[in-house]
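Right, one structure below, let's go through it.
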């Protein structure tokens, strides 16, 4: 008399959502904006979303908008479906999104369309009407340069006899530009924010894009112990000194194996006779 065992294996595949990789796109009034979706596949659909519209305005090459300034460009055979906006107006400003799903991985990329404008009213405070400033040797002289910011934000600098004075906002580096950080779920992640600027000290601020703007770290190194798939996304490090600030972003991709749950049921019938076992 033998026991007969049956095993039922239930496989559940999870989908990882890689989202909020945001890029600022600068354009002038009446110019053209070309938004290129970084993820493409000939076997997947690409959808575009525009500000103020809940449903997508496109699916691959098919447009669902009457706006004749919008069109889809790219190579369809490679799955490239990019968004082009002609004759850009101020009403076009906002967040644009492209979404692509490939092998249970959903990719979403965001583009912040910005109208560029030059800075204005550049001046040195308290010396607007003076071309020459006199000071005795040994006395302290403070020159403060102010400006009404344009878009993108300008970098201010002083020059002496045509030479730049070595004082500047921090330049921030998180590694190679455009690379994503790929890490297996359950491992520990450390990202170092490296800054160069003058003067010191620096103030560090780590945030996760597309979430609340709460500060998640004020240290140069950002650490996540036992990383989870929900930690995936775009992280930003902003470093500031009294001159200005610099920023660098990195996209964290969490890799994990499909969740598998075994449901094992044992059927025992001591009176049954199983031949050949």
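Numbering (mature numbering (1 follows the signal peptide of the UniProt record, and there is no 0)), first residue to last: -21 to -1, 1 to 256. C-beta atoms are modelled at their ideal positions from N, C-alpha and C, and glycine is treated no differently.
Suppose you measure from the CA of residue 135 to the CA of residue 44; what does that come to, to the nearest Å? Indexing the chain shown from 1 puts residue 135 at position 156. Indexing the chain shown from 1 puts residue 44 at position 65. The alpha-carbon atoms of residue 135 and residue 44 are separated by roughly 43 Å.
Open item on the list: By the three-class DSSP mapping on this structure, what secondary structure does residue 45 have?
Closed with: On the chain shown, residue 45 is found 66 positions in, with the first residue counted as 1. Of the three classes helix, strand and coil, the one that applies to residue 45 here is coil, per DSSP.
Starting from residue 201, follow its DSSP beta bridges and name the residues at the other end. Stepping through the chain shown from its first residue, residue 201 is reached at position 222. Paired residue(s): 170.
Practice item. Kindly identify the DSSP beta-bridge partner or partners of residue 79. Key: Within the chain shown, numbered from 1, the residue matching residue 79 stands at position 100. 25, 86, per the DSSP bridge assignment.
For this session: Consult DSSP for residue 114 and reduce its assignment to one of helix, strand or coil.
Result: Along the chain shown, one-based indexing puts residue 114 at 135. In this structure, residue 114 counts as coil in the three-state DSSP scheme.
Using DSSP bridges, identify the partner residues of residue 127.
For the purposes of this step, residue 127 is taken as residue 148 along the chain shown, with counting starting at 1. DSSP output for residue 127 lists 99 as bridge partner(s).
To the nearest angstrom, report how far apart residue 214 and residue 172 are at their CA atoms. As a first step, residue 214 must be located in the chain shown, where it is residue number 235. As a first step, residue 172 must be located in the chain shown, where it is residue number 193. Between residue 214 and residue 172, the C-alpha separation is close to 11 Å.
**OP:** Would you list the one or two residues that DSSP bridges to residue 51?
**Re:** Taking the chain shown and counting its residues from 1, the one referred to as residue 51 is at position 72. Residue 51 is bridged to 62.
Determine the direct distance from the alpha carbon of residue 101 to that of residue 128, and round the result to whole angstroms.
For the purposes of this step, residue 128 is taken as the residue at position 149 of the chain shown. For the purposes of this step, residue 101 is taken as the residue at position 122 of the chain shown. In a straight line, the C-alpha of residue 128 is about 9 Å away from that of residue 101.
Is the shortest distance between the beta-carbon of residue 39 and the beta-carbons of chain C less than 9 Å?
The question asks about chain C, but that chain is absent: this structure has only one protein chain.
Next on the checklist: I need the DSSP call for residue 210, collapsed to helix, strand or coil.
Outcome noted: Counting from one through the chain shown, the residue named residue 210 turns up at place 231. Three-state DSSP puts residue 210 in a helix.
Give me the Cβ distance between residue 52 and residue 39, rounded to the nearest whole Å; I'm assuming they're in contact under 8 Å. Position 73 of the chain shown, counted from the first residue, corresponds to residue 52. Position 60 of the chain shown, counted from the first residue, corresponds to residue 39. Actually they are not in contact, since the Cβ atoms of residue 52 and residue 39 sit about 12 Å apart, beyond 8 Å.
| Do residue 227 and residue 177 come within 9 Å of each other at the CB atom, strictly closer than that value? | On the chain shown, position 198 is the one that residue 177 refers to. On the chain shown, position 248 is the one that residue 227 refers to. Taking 9 Å as the Cβ cut-off, residue 177 and residue 227 do not qualify as a contacting pair.
_With 16 other Cβ atoms within 10 Å as the buried cut-off, status of residue -21_ = Here residue -21 corresponds to residue number 1 of the chain shown, with the count starting at 1. At residue -21 the pLDDT is 47, less than 50, meaning the model places this residue with poor confidence; the figure from the coordinates comes in the next sentence. The residue in question, residue -21, is exposed, as its Cβ has fewer than 16 Cβ neighbours within 10 Å.
CA nearest to the CA of residue 31, picked from 74, 2, 168, 59: Here residue 31 is taken as the residue at index 52 of the chain shown, counted from 1. Ranking the options by Cα distance to residue 31, first place goes to 74.
Margin query: Contact defined as beta carbons within less than 8 Å: I believe residue 277 pairs with residue 72. What is the distance between those atoms, to the nearest angstrom?
Written below: Any answer about residue 277 is impossible in this case: the structure gives the chain only from -21 up to 256.
Quiz item: Taking the alpha carbon of residue 7 as the point to measure from, which residue in 131, 59, 125 has its own alpha carbon closest?
Solution: Position 28 of the chain shown, counted from the start, is the residue given in the question as residue 7. If we check each option's Cα against that of residue 7, 131 comes out closest.
Counted within 10 angstroms of its Cβ, other Cβ atoms place residue 11 as buried (16 or more) or exposed
As a position in the chain shown, residue 11 is number 32, starting the count at 1. The residue in question, residue 11, is exposed, as its Cβ has fewer than 16 Cβ neighbours within 10 Å.
Checking the sheet assignment: what are the DSSP bridge partners for residue 5?
If you number the chain shown from 1, residue 5 lands on position 26. Paired residue(s): 93.
Requested in this report: Verify whether the separation of the beta carbon atoms of residue 271 and residue 231 is less than 9 Å.
Outcome: Nothing can be reported for residue 271: it is not among the residues displayed for the chain, which extend from -21 to 256.
| task | Return the CA-CA distance between residue 103 and residue 220, expressed in angstroms with no decimal places. | result | Working through the chain shown from its first residue, we reach residue 103 at position 124. Working through the chain shown from its first residue, we reach residue 220 at position 241. Their backbone Cα atoms lie some 19 Å apart in a straight line.
Could you tell me whether the Cβ atoms of residue 137 and residue 122 are closer together than 9 Å? Walking along the chain shown from the start, residue 137 turns up at place 158. Walking along the chain shown from the start, residue 122 turns up at place 143. Cβ atoms of residue 137 and residue 122: closer than 9 Å.
Q: Would you decide whether residue 62 is buried or exposed? Buried here means 16 or more other CB atoms lie within 10 Å of its CB.
A: As a working mapping, residue 62 is identified with position 83 in the chain shown. When all chains shown are included, residue 62 counts as buried.
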